[in-house]
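S.K.: Chains as they are written, first to last, in our numbering: chain A, 11 to 189; chain B, 11 to 189.
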């Protein structure tokens, strides 16, 4: 069966700095109408920075919506006019102070396909070299160089609770190299 | 350093049926003020339905915000007054027509910690028995019983793009049982 829902009209409920909150009216497969509310978000990237075979550069930051300070891999939304790869390089330098020698795409996913348009692509960065970085003065991020085995333990015991970080590292471990 | 951001005030930008879109004013660790926009969402659950050692009950549905029809594990938001476990049982029956003999908690995570409050907990259901279910007539979901090895191939080749499904199955494979 074709499960597709067809667009009829959109109502902008609110415009934020980064996100728009919208309500679309759609036609269901049975011909009835329904409403779909969701946020329209720019695409984003995340990157596993492999410092050497055994260490991952993690970032620790406060995530206000969930009221927690958590460990994640570096990530960010793609700026207007920026390519995904440029965004990976920029975020990596801004958040960790490392420039990547090589960047490889891993997978993409949708963090919340029922309620947000956001598409997130994960990369792996190797050949890292420290550079002089000037982080945004209103962005508070701590860098942590963590042994890969310890990160996997953190995942196992549910200390890591960020979706992109879980997907990136579990996928890497399952299909690229056991860490 | 304490990275915490302190609440000053909230502005409700828009109220949806399920989500609220809000803008909070916060105090940063350096004492400056900043705005944080995000959606306030109910908590949710997802469940890996293991039909027998080798098969997973997946659901296929259209996700309007991302304009794709995708495979996922069954999931849903927790209703008011409902416990997480009650929600798992209800969603499993509604979406797959199976009642669980045993349900076990796996992990929890935040799909989008920078832009949404949603907390999602993953469970594993075993001892499945078919029951008479009456799915919502305006919910279009197809059930698919898929060999576990095939699902892992779908993950590897990036056919699975839903965050909760990736996390649930990769975590299960890494730490519970290799599938």
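Every residue, glycine too, gets a C-beta built ideally from N, C-alpha and C.
Quick one: is residue 48/A near chain B, going by C-beta distance under 8 angstroms?
M.R.: Position 38 of the first chain, counted from the first residue, corresponds to residue 48/A. Judged by the 8 angstroms Cβ criterion, residue 48/A is in contact with chain B.
S.K.: Note down, in chain order, all residues in the region 157-178 of chain A with a beta-carbon under 7 angstroms from any beta-carbon belonging to chain B.
M.R.: 166, 168, 171, 172, 173, 176 and 177
S.K.: Along the region 60-82 of chain A, where does the CB come closer than 9 angstroms to a CB of chain B? Name the residues.
M.R.: 70, 71, 72, 73, 74, 75, 76, 77, 78, 79, 80 and 82
S.K.: Would the beta-carbon of residue 114/A fall within 8 angstroms of that of residue 141/A?
M.R.: On the first chain, position 104 is the one that residue 114/A refers to. On the first chain, position 131 is the one that residue 141/A refers to. No; because the gap between Cβ atoms is not below 8 angstroms, this pair is not in contact.
S.K.: Tell me whether residue 86/A is buried or exposed, calling it buried when 16 or more other Cβ atoms sit within 10 Å of its Cβ.
M.R.: Position 76 of the first chain, counting from 1, holds the residue named residue 86/A. Counting Cβ neighbours within 10 Å, residue 86/A comes out buried, since at least 16 surround it.
S.K.: Output the boundary residues of the alpha helix (DSSP H) element that contains residue 180/A.
M.R.: As a first step, residue 180/A is located in the first chain; it is residue number 170 there, counting from the start. Here the alpha helix (DSSP H) through residue 180/A covers 173-181.
S.K.: Within its chain, find whatever has a CB closer than 7 angstroms to the CB of residue 155/A; leave out the 5 residues flanking it on each side and keep chain order.
M.R.: Taking the first chain and counting its residues from 1, the one referred to as residue 155/A is at position 145. Result list for residue 155/A: 61, 65 and 67, in chain order.
S.K.: Where do the ends of the beta strand (DSSP E) carrying residue 112/A lie?
M.R.: Residue 112/A sits at position 102 when you count from the first residue of the first chain. Element bounds for residue 112/A: 112-119.
S.K.: Quick one: using the 10 Å Cβ neighbour count with 16 as the cut-off for buried, is residue 174/A buried or exposed?
M.R.: Here residue 174/A corresponds to residue number 164 of the first chain, with the count starting at 1. Classification of residue 174/A: buried, given that the 10 Å Cβ count is 16 or more.
S.K.: Determine, using beta carbons only, whether residue 36/B and residue 127/B come nearer to each other than 8 angstroms.
M.R.: For the purposes of this step, residue 36/B is taken as residue 26 along the second chain, with counting starting at 1. For the purposes of this step, residue 127/B is taken as residue 117 along the second chain, with counting starting at 1. Their beta carbons are not under 8 angstroms apart, which means residue 36/B does not touch residue 127/B by this criterion.
S.K.: Rounded to the nearest angstrom, what separates residue 30/A and residue 24/A at their Cα positions?
M.R.: Position 20 of the first chain, counted from the first residue, corresponds to residue 30/A. Position 14 of the first chain, counted from the first residue, corresponds to residue 24/A. Answer to the nearest angstrom: the Cα atoms are 6 angstroms apart.
S.K.: In whole angstroms, what is the alpha-carbon distance linking residue 15/A and residue 13/B?
M.R.: As a working note, residue 15/A is residue 5 in the first chain. As a working note, residue 13/B is residue 3 in the second chain. Near 43 angstroms, if we compare the C-alpha coordinates of residue 13/B and residue 15/A.
S.K.: Looking at residue 130/A and residue 119/A, is the spacing between their C-beta atoms short of 8 angstroms?
M.R.: In the first chain, residue 119/A corresponds to position 109, counting from 1. In the first chain, residue 130/A corresponds to position 120, counting from 1. Against a cut-off of 8 angstroms, the Cβ pair of residue 130/A and residue 119/A comes out as a contact.
S.K.: Would you mind giving the Cβ-Cβ distance between residue 84/A and residue 123/A, rounded to the nearest angstrom? I have them listed as a contact below 8 angstroms.
M.R.: To locate residue 84/A, count along the first chain from 1; it is residue 74. To locate residue 123/A, count along the first chain from 1; it is residue 113. Going by Cβ atoms, the distance from residue 84/A to residue 123/A rounds to 23 angstroms, so no, they are not a contact pair.
S.K.: Is there at least one Cβ from chain B nearer than 8 angstroms to residue 94/A's Cβ?
M.R.: Taking the first chain and counting its residues from 1, the one referred to as residue 94/A is at position 84. So no, residue 94/A is outside the interface.
S.K.: Report yes if the C-beta distance between residue 171/A and residue 80/A is below 8 angstroms; otherwise report no.
M.R.: Position 161 of the first chain, counted from the first residue, corresponds to residue 171/A. Position 70 of the first chain, counted from the first residue, corresponds to residue 80/A. Against a cut-off of 8 angstroms, the Cβ pair of residue 80/A and residue 171/A comes out as a contact.
S.K.: With distances taken between CB atoms, is the gap from residue 181/B to residue 116/B smaller than 8 angstroms?
M.R.: Start at 1 with the first residue of the second chain, and residue 181/B comes out as number 171. Start at 1 with the first residue of the second chain, and residue 116/B comes out as number 106. Yes; because the gap between Cβ atoms is below 8 angstroms, this pair is in contact.
S.K.: Can a CB atom of chain B be found closer than 8 angstroms to the CB of residue 152/A?
M.R.: Taking the first residue of the first chain as 1, we reach residue 152/A at position 142. Taking Cβ atoms only, chain B reaches closer than 8 angstroms to residue 152/A, which makes this a yes.
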